[in-house]
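Student: I have a structure here, written as C-alpha coordinates, and I will follow up with some questions on it.
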Amino acid sequence: MKKREMKIARGYDPKTQGKIGLFAAEFDDQLERLKKEVGSLTVDQLEWQQKPGMNTIGMLMAHLSLVEVWWIKIAPNQIEWEPKGKALIQKICGIEDDGLPVPAEGVHPIYLKGSTAEKYLAILAKGRHVIHTEMKKWRDRDLDKLYTLAKTNHFSRTWTLYHVLEHFASHFGQILLVKHLMRDAGVLAKASEAK
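For the sequence shown, the residue numbers in the numbering used here are 58 to 252.
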(Lines of atoms letter the chains of each structure in order from A and count residues from 1; the text may use other names and numbers.)
(Lines give C-alpha, C1' and ligand atoms only; values in the text may rest on other atoms or scores of the structure.)
Protein backbone atom coordinates (compact mmCIF):
# COMPACT_ATOMS: atom_id res chain seq x y z
CA MET A 1 0.00 0.00 0.00
CA LYS A 2 1.32 3.44 -0.93
CA LYS A 3 1.59 6.11 1.70
CA ARG A 4 0.51 9.55 0.51
CA GLU A 5 1.05 12.58 2.67
CA MET A 6 1.94 16.24 2.46
CA LYS A 7 4.14 17.87 5.07
CA ILE A 8 4.92 21.54 5.44
CA ALA A 9 7.82 22.81 3.36
CA ARG A 10 11.30 23.03 4.87
CA GLY A 11 12.15 26.31 6.50
CA TYR A 12 8.63 26.98 7.81
CA ASP A 13 7.88 26.87 11.54
CA PRO A 14 5.15 24.27 12.19
CA LYS A 15 3.99 26.21 15.28
CA THR A 16 3.55 29.61 13.65
CA GLN A 17 3.45 28.78 9.93
CA GLY A 18 1.71 25.42 9.63
CA LYS A 19 -0.88 26.65 7.13
CA ILE A 20 1.59 28.79 5.21
CA GLY A 21 4.12 25.96 5.14
CA LEU A 22 1.50 23.58 3.77
CA PHE A 23 0.67 25.99 0.94
CA ALA A 24 4.42 26.31 0.28
CA ALA A 25 4.71 22.52 0.01
CA GLU A 26 1.72 22.41 -2.34
CA PHE A 27 3.25 25.13 -4.53
CA ASP A 28 6.51 23.17 -4.73
CA ASP A 29 4.71 19.92 -5.51
CA GLN A 30 2.93 21.55 -8.44
CA LEU A 31 6.20 23.04 -9.72
CA GLU A 32 7.94 19.64 -9.59
CA ARG A 33 5.09 18.10 -11.56
CA LEU A 34 5.32 20.91 -14.13
CA LYS A 35 9.08 20.42 -14.52
CA LYS A 36 8.55 16.76 -15.41
CA GLU A 37 6.02 17.71 -18.09
CA VAL A 38 7.91 20.56 -19.77
CA GLY A 39 11.61 19.94 -19.14
CA SER A 40 12.21 18.13 -22.43
CA LEU A 41 10.14 20.39 -24.68
CA THR A 42 11.93 22.12 -27.54
CA VAL A 43 11.78 25.85 -28.25
CA ASP A 44 9.42 25.17 -31.17
CA GLN A 45 7.12 23.19 -28.90
CA LEU A 46 7.19 25.90 -26.22
CA GLU A 47 6.17 28.46 -28.88
CA TRP A 48 3.58 26.26 -30.64
CA GLN A 49 0.03 27.60 -31.05
CA GLN A 50 -2.92 25.64 -32.37
CA LYS A 51 -3.89 28.90 -34.05
CA PRO A 52 -3.17 32.62 -33.52
CA GLY A 53 -4.71 34.01 -30.37
CA MET A 54 -4.02 30.92 -28.27
CA ASN A 55 -1.52 30.68 -25.42
CA THR A 56 1.78 28.90 -25.85
CA ILE A 57 3.32 26.76 -23.13
CA GLY A 58 6.18 29.26 -22.88
CA MET A 59 3.79 32.15 -22.31
CA LEU A 60 1.96 30.17 -19.64
CA MET A 61 5.19 29.30 -17.83
CA ALA A 62 6.29 32.95 -17.79
CA HIS A 63 2.81 33.93 -16.62
CA LEU A 64 2.95 31.49 -13.69
CA SER A 65 6.08 33.13 -12.32
CA LEU A 66 4.90 36.71 -12.79
CA VAL A 67 1.60 35.97 -11.06
CA GLU A 68 3.28 34.30 -8.08
CA VAL A 69 5.60 37.24 -7.57
CA TRP A 70 2.76 39.74 -8.01
CA TRP A 71 0.38 38.10 -5.53
CA ILE A 72 2.88 37.07 -2.84
CA LYS A 73 5.70 39.64 -2.96
CA ILE A 74 4.11 42.77 -4.42
CA ALA A 75 0.35 42.92 -3.79
CA PRO A 76 0.38 42.12 -0.02
CA ASN A 77 2.92 44.91 0.42
CA GLN A 78 0.38 47.19 -1.27
CA ILE A 79 2.71 48.16 -4.09
CA GLU A 80 0.78 49.31 -7.15
CA TRP A 81 1.58 47.90 -10.60
CA GLU A 82 2.83 51.16 -12.08
CA PRO A 83 5.66 51.94 -11.73
CA LYS A 84 7.10 50.01 -8.77
CA GLY A 85 5.32 46.66 -9.16
CA LYS A 86 6.24 46.33 -12.81
CA ALA A 87 9.87 47.26 -12.04
CA LEU A 88 10.04 44.62 -9.28
CA ILE A 89 8.68 41.95 -11.63
CA GLN A 90 11.35 42.88 -14.18
CA LYS A 91 14.09 42.80 -11.54
CA ILE A 92 13.01 39.45 -10.06
CA CYS A 93 11.89 37.53 -13.15
CA GLY A 94 13.97 39.21 -15.83
CA ILE A 95 10.83 39.91 -17.86
CA GLU A 96 8.00 42.33 -17.25
CA ASP A 97 5.37 40.77 -19.49
CA ASP A 98 4.21 37.27 -20.38
CA GLY A 99 2.08 38.02 -23.44
CA LEU A 100 -1.20 37.32 -21.64
CA PRO A 101 -3.90 37.98 -22.46
CA VAL A 102 -2.96 37.21 -26.03
CA PRO A 103 -4.85 39.28 -28.64
CA ALA A 104 -7.33 37.46 -30.89
CA GLU A 105 -4.78 37.13 -33.70
CA GLY A 106 -1.72 37.26 -31.44
CA VAL A 107 1.33 35.06 -31.67
CA HIS A 108 4.07 34.08 -29.24
CA PRO A 109 5.63 37.39 -28.10
CA ILE A 110 8.93 38.47 -29.61
CA TYR A 111 10.53 39.11 -26.21
CA LEU A 112 10.02 35.44 -25.26
CA LYS A 113 11.08 34.11 -28.68
CA GLY A 114 13.82 31.51 -28.53
CA SER A 115 13.44 30.86 -24.80
CA THR A 116 14.24 27.29 -23.79
CA ALA A 117 12.55 25.15 -21.16
CA GLU A 118 15.61 25.78 -18.99
CA LYS A 119 15.13 29.54 -19.27
CA TYR A 120 11.44 29.36 -18.34
CA LEU A 121 12.21 27.03 -15.44
CA ALA A 122 14.92 29.48 -14.29
CA ILE A 123 12.36 32.31 -14.36
CA LEU A 124 10.03 30.15 -12.27
CA ALA A 125 12.88 29.26 -9.87
CA LYS A 126 13.79 32.93 -9.33
CA GLY A 127 10.18 33.82 -8.63
CA ARG A 128 9.72 30.82 -6.36
CA HIS A 129 12.80 31.75 -4.32
CA VAL A 130 11.42 35.25 -3.81
CA ILE A 131 7.96 34.07 -2.77
CA HIS A 132 9.40 31.56 -0.30
CA THR A 133 11.52 34.34 1.20
CA GLU A 134 8.41 36.52 1.49
CA MET A 135 6.15 33.76 2.83
CA LYS A 136 8.67 32.90 5.55
CA LYS A 137 8.02 36.38 6.97
CA TRP A 138 4.28 35.65 7.28
CA ARG A 139 2.58 34.02 10.28
CA ASP A 140 -0.62 31.97 10.32
CA ARG A 141 -2.20 34.39 12.80
CA ASP A 142 -1.99 37.15 10.15
CA LEU A 143 -3.53 35.22 7.26
CA ASP A 144 -7.00 36.73 7.63
CA LYS A 145 -5.81 40.33 7.86
CA LEU A 146 -6.69 42.33 4.76
CA TYR A 147 -4.46 44.34 2.48
CA THR A 148 -5.69 46.88 -0.04
CA LEU A 149 -4.97 47.46 -3.72
CA ALA A 150 -6.26 50.30 -5.86
CA LYS A 151 -7.89 51.78 -2.74
CA THR A 152 -11.05 49.66 -3.06
CA ASN A 153 -9.95 46.04 -3.44
CA HIS A 154 -9.30 44.10 -0.23
CA PHE A 155 -7.62 40.69 -0.03
CA SER A 156 -6.57 38.36 2.77
CA ARG A 157 -3.32 36.43 2.66
CA THR A 158 -5.38 33.22 2.97
CA TRP A 159 -7.21 34.10 -0.24
CA THR A 160 -3.89 35.09 -1.83
CA LEU A 161 -2.27 31.73 -1.10
CA TYR A 162 -5.37 29.87 -2.31
CA HIS A 163 -5.53 31.97 -5.48
CA VAL A 164 -1.87 31.40 -6.34
CA LEU A 165 -2.31 27.63 -5.87
CA GLU A 166 -5.51 27.35 -7.91
CA HIS A 167 -4.07 29.66 -10.57
CA PHE A 168 -0.96 27.50 -10.92
CA ALA A 169 -2.97 24.28 -11.02
CA SER A 170 -5.39 25.69 -13.61
CA HIS A 171 -2.64 26.82 -15.97
CA PHE A 172 -0.75 23.57 -15.40
CA GLY A 173 -3.89 21.81 -16.63
CA GLN A 174 -3.93 24.15 -19.61
CA ILE A 175 -0.29 23.26 -20.35
CA LEU A 176 -1.21 19.57 -20.30
CA LEU A 177 -4.06 20.30 -22.72
CA VAL A 178 -1.71 22.15 -25.08
CA LYS A 179 0.60 19.12 -25.00
CA HIS A 180 -2.37 16.92 -25.90
CA LEU A 181 -3.21 19.25 -28.81
CA MET A 182 0.44 19.09 -29.93
CA ARG A 183 0.30 15.29 -29.96
CA ASP A 184 -2.90 15.42 -32.03
CA ALA A 185 -1.19 17.85 -34.45
CA GLY A 186 1.92 15.64 -34.72
CA VAL A 187 4.16 18.26 -33.08
CA LEU A 188 4.81 16.09 -30.02
CA ALA A 189 5.25 12.32 -30.13
CA LYS A 190 2.51 10.23 -28.58
CA ALA A 191 3.64 8.31 -25.48
CA SER A 192 3.51 4.99 -27.38
CA GLU A 193 5.70 6.46 -30.18
CA ALA A 194 8.22 7.97 -27.76
CA LYS A 195 9.21 4.57 -26.33
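Every residue, glycine too, gets a C-beta built ideally from N, C-alpha and C.
Name the DSSP bridge partner or partners of residue 211?
Tutor: As a position in the sequence shown, residue 211 is number 154, starting the count at 1. Residue 211 is bridged to 205.
Student: Is residue 240 helix, strand or coil when you go by DSSP?
Tutor: Taking the first residue of the sequence shown as position 1, residue 240 is located at position 183. Helix, per DSSP.
Student: Within the same chain, show all residues whose beta-carbon is closer than 8 Å to that of residue 136, passing over the 5 residues directly before and after it, in chain order.
Tutor: For the purposes of this step, residue 136 is taken as the residue at position 79 of the sequence shown. Here the set comprises 142, 145.
Student: What are the start and end residues of the alpha helix (DSSP H) that includes residue 122?
Tutor: As a working note, residue 122 is residue 65 in the sequence shown. Residue 122 -> alpha helix (DSSP H) spans 114 to 125.
Student: Can you tell which of 133, 175, 116 has the C-alpha that lies nearest to the C-alpha of residue 204?
Tutor: The residue labelled residue 204 in the question sits at position 147 within the sequence shown. Among 133, 175, 116, the Cα nearest to that of residue 204 is on 133.
Student: Tell me where the alpha helix (DSSP H) around residue 199 begins and ends.
Tutor: What you label residue 199 is simply residue 142 of the sequence shown in a count that begins at 1. First-last for residue 199: undefined, no H or E at that position.
Student: Alpha carbon to alpha carbon, how far is residue 126 from residue 162? Give it in angstroms, no decimals.
Tutor: As a working note, residue 162 is residue 105 in the sequence shown. As a working note, residue 126 is residue 69 in the sequence shown. The alpha-carbon atoms of residue 162 and residue 126 are separated by roughly 28 Å.
Student: Which of helix, strand or coil does DSSP assign to residue 191?
Tutor: Looking up residue 191 in the sequence shown gives position 134. In this structure, residue 191 counts as helix in the three-state DSSP scheme.
Student: Measuring alpha carbon to alpha carbon, tell me which of 63, 70, 77, 119 ends up nearest residue 232.
Tutor: For this step, residue 232 is matched to residue 175 along the sequence shown. It is 119 whose Cα lies nearest to the Cα of residue 232.
Student: Tell me whether the beta-carbon of residue 100 lies closer than 7 Å to the beta-carbon of residue 224.
Tutor: Counted from its first residue, the sequence shown places residue 100 at position 43. Counted from its first residue, the sequence shown places residue 224 at position 167. No, the Cβ-Cβ distance between residue 100 and residue 224 is not below 7 Å.
Student: Can residue 116 and residue 171 be called in contact, C-beta distance under 7 Å?
Tutor: To locate residue 116, count along the sequence shown from 1; it is residue 59. To locate residue 171, count along the sequence shown from 1; it is residue 114. Against a cut-off of 7 Å, the Cβ pair of residue 171 and residue 116 comes out as no contact.
Student: Taking C-alpha atoms, which residue in 160, 165, 130 lies nearest to residue 150?
Tutor: For the purposes of this step, residue 150 is identified with residue 93 of the sequence shown, where counting begins at 1. Residue 130 is the option with its Cα nearest to residue 150.
Student: Taking residue 168 as the reference, which of 222, 212, 104, 219 has the closest Cα?
Tutor: Along the sequence shown, read from residue 1 onward, the residue named residue 168 stands at position 111. If we check each option's Cα against that of residue 168, 104 comes out closest.
Student: Within 10 angstroms of its Cβ, does residue 122 collect 16 or more other Cβ (buried), or is it exposed?
Tutor: The residue given as residue 122 occupies position 65 in the sequence shown. That one is buried.
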